[in-house]
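Numbering (our numbering), first residue to last: 25 to 466. C-beta: ideal position from N, C-alpha, C; glycine also. No experiment lies behind these values; they were computed from the predicted model shown.
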């Protein structure tokens, strides 16, 4: 009996070993065929991209990445909203604002708009303070130096972990900072500088839910464009004011002597809401219809693609101005609030092709923007119609003229008016509730 058991045990082990080797051989053959097909169809660059992606997935932490301090989420009990006092604005006293901002590297479009608005208010007599909110543990001194050297800030900059001074207004600038604004004990009416609908930045899950919650915190919204204002008021009952998109026409300007020969595309694959993949499919179709038209891709360095293109990567505004002035049209897609790119294209006489959507039409409101369904064929056809347009030069000049009055000063003035009116209205309500309204001590 023991001998029989050993015999069967040996057979079983041999069978298991054979099964393991067979499975390994099958998987090796499968992977080999897969690699050969990938290299043959898409080139060696596609293989290296796939390897890098697999390696980054392997080393990426498998824990949840918090964009906000968990302690701030726990502290923010929306069923018990804090009732901050709103200081009165005394004659001759500047309005004091605390801006809560996430640190950013150079070239951030969102931070450029925040700091541009802040500097406009400072020129209008406001006293601003910036408080960095950084749950990622970055080097605060580096970001402070960058805010001054790159973005041109001259105001006080502090770490929010040290607390905030009393102010007339406290402004959250992205959804994680809204939790800090809600929890802060300092005085000041709560504002929310909103440039996009941030729950759309994530798959349905924790981050999207946490972002959506911030629209229920009772802040006064200052939104980039009318679409956001209407959406937040309609869906969350937010009090909002909106400011129009501006355009830096000193930096982006029409060059009548420039020879146009291309199409530009803002291709930043790391930003899903810009639908880069659909745009690349549209350019693949377009390149077959118009093979002599240059294709300029900017925003990030791109890998190999099935069509010829100039790989500009991340470029300076001056370089971008040159690209736009060499292009008949520019592809700028957005699945959420529109970006600044279409206005900048227009200023250079480059006709933007934008996906058909209310959030794009309502904000842009420009006769020289071309809209198309978010489908490769529709986008390619619209690009081709612009490139083959007769008398393009005169149309390009009119497109540039259409945004000459689109100034960031107008946007800044709208924010100034909204903040002043909201604070005055809030202090009037506070005055009716107390005999002695508070003020900020000097």
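At a cut of 8 Å, does the stretch 236 to 254 reach the stretch 375 to 388 through at least three beta carbon pairs? Per the Cβ contact rule, the stretch 236 to 254 is in contact with the stretch 375 to 388 (3 or more Cβ pairs under 8 Å).
Considering only the alpha carbon of each residue, which of 334, 317 and 318 lies closest to residue 325? With distances taken between Cα atoms, residue 325 lies closest to 334.
Let me confirm a value: residue 156 is counted as buried when at least 16 other C-beta atoms fall within 10 Å, else exposed. Which label applies? It is buried - the Cβ of residue 156 has at least 16 other Cβ atoms within 10 Å.
Can we say the stretch 104 to 112 touches the stretch 125 to 141, given the rule of at least three CB pairs closer than 8 Å? Taking 8 Å as the limit for Cβ pairs, the verdict is that the stretch 125 to 141 does not touch the stretch 104 to 112.
Just to confirm before moving on: does the CB-CB distance between residue 345 and residue 239 stay below 8 Å? It is not a contact, given that the beta carbons lie outside the stated cut-off.
Going by DSSP, name the residue or residues bridged to residue 253. According to the DSSP secondary-structure assignment, residue 253 is paired through a beta bridge with no residue.
With 16 as the cutoff for other CB atoms within 10 Å, does residue 312 come out buried or exposed? Exposed, by the Cβ-count rule.
Could you tell me which uninterrupted alpha helix (DSSP H) segments, each at least 4 residues in length, are contained entirely in the stretch 226 to 287, listed from first to last along the chain? Fully enclosed alpha helix (DSSP H) runs of 4 or longer: 230 to 237 and 250 to 260.
Just to confirm before moving on: does the CB-CB distance between residue 309 and residue 401 stay below 8 Å? Between residue 309 and residue 401, the gap from beta carbon to beta carbon is short of 8 Å.
Limits of the alpha helix (DSSP H) - the one that residue 144 falls within: For residue 144, the enclosing alpha helix (DSSP H) covers residues 133 to 147.
Mind the definition here: the stretch 429 to 449 touches the stretch 204 to 218 only if three or more C-beta pairs lie below 8 Å; say whether that holds. Taking 8 Å as the limit for Cβ pairs, the verdict is that the stretch 204 to 218 does touch the stretch 429 to 449.
Check the C-beta distance from residue 394 over to residue 375 and give it rounded, since I have them as a contact under 8 Å. Rounded, the Cβ-Cβ distance is 6 Å, consistent with contact.
Do residue 270 and residue 435 have their C-beta atoms within less than 8 Å of each other? For residue 270 and residue 435, yes; Cβs fall inside 8 Å.
Could you spell out where the beta strand (DSSP E) holding residue 124 opens and where it closes? Per DSSP, residue 124 belongs to the beta strand (DSSP E) from 120 to 125.
Name the residue from 143, 127, 148 and 150 whose alpha carbon lies nearest to the alpha carbon of residue 184. Per the Cα distances, 127.
In angstroms with no decimal places, state the Cα-to-Cα distance between residue 291 and residue 203. Each residue's Cα considered, the two are about 32 Å apart.
Proximal residues to residue 220 (C-beta, below 6 Å), its chain only, five neighbours per side dropped: The residues are 360 and 361.
Which of helix, strand or coil does DSSP assign to residue 183? In the three-state scheme derived from DSSP, where H, G and I count as helix and E and B as strand, residue 183 is classed as strand.
Would you say the stretch 173 to 190 touches the stretch 142 to 155, given that touching needs at least three Cβ pairs under 8 Å? In short, these stretches touch, since the Cβ pair count reaches three.
Can you say whether residue 343 is buried or exposed, counting buried as having 16 or more other CB atoms within 10 angstroms of its CB? Taking a 10 Å sphere around the C-beta of residue 343, we find fewer than 16 other C-beta atoms and assign the residue as exposed.
Quick one, are the C-beta atoms of residue 246 and residue 272 less than 8 Å apart? Not a contact, by the Cβ cut-off of 8 Å.
For residue 209, which beta-bridge partners are listed by DSSP? DSSP lists no bridge partner for residue 209.
If we ignore side chains and look at the alpha-carbon of each, how far apart do residue 440 and residue 153 end up? Roughly 16 Å between the two C-alpha positions.
Taking the beta carbon of residue 55 as the centre, do at least 16 other beta carbons fall within 10 Å, making it buried, or is it exposed? The residue is exposed, with fewer than 16 neighbouring Cβ atoms inside 10 Å.
Measure the C-alpha to C-alpha separation of residue 286 and residue 453 and round it to an integer number of angstroms. A straight line joining the alpha-carbon of residue 286 with that of residue 453 spans about 57 Å.
Note the first and the last residue of the continuous beta strand (DSSP E) segment covering residue 424. Residue 424 -> not in any beta strand (DSSP E); alpha helix (DSSP H) instead, spanning 416 to 425.
Please say whether residue 337 and residue 352 have beta carbons closer to each other than 8 Å? In this structure, residue 337 does not lie closer than 8 Å to residue 352 by Cβ.
Could you tell me which residues DSSP puts in a beta bridge with residue 394? Its beta-bridge partners are 377.
Hey, residue 426 and residue 390: beta-carbon distance below 8 Å or not? Less than 8 Å divides the Cβ of residue 426 from the Cβ of residue 390.
Can you tell me which of 206, 297, 129 and 205 puts its alpha carbon nearest to the alpha carbon of residue 173? Cα-wise, what sits closest to residue 173 is 129.
Using the three-state DSSP reduction, which class does residue 191 fall into: helix, strand or coil? Look at residue 191 here: in three-state DSSP terms it is coil, with no helix or strand label.
Cβ-based neighbour list, residue 149, same chain, cut-off 7 Å, excluding 5 preceding and 5 following: Only 118 meet the Cβ criterion.
For a quick check, are the C-beta atoms of residue 366 and residue 356 less than 8 Å apart? Yes, the pair counts as a contact, with Cβ atoms nearer than the cut-off.
Can you look up residue 154 in the DSSP assignment and give me helix, strand or coil? Correct three-state label for residue 154: strand.
Could you say which of 284, 38 and 464 lies nearest to residue 413 if we only look at CA atoms? Ranking 284, 38 and 464 by Cα distance to residue 413 puts 284 first.
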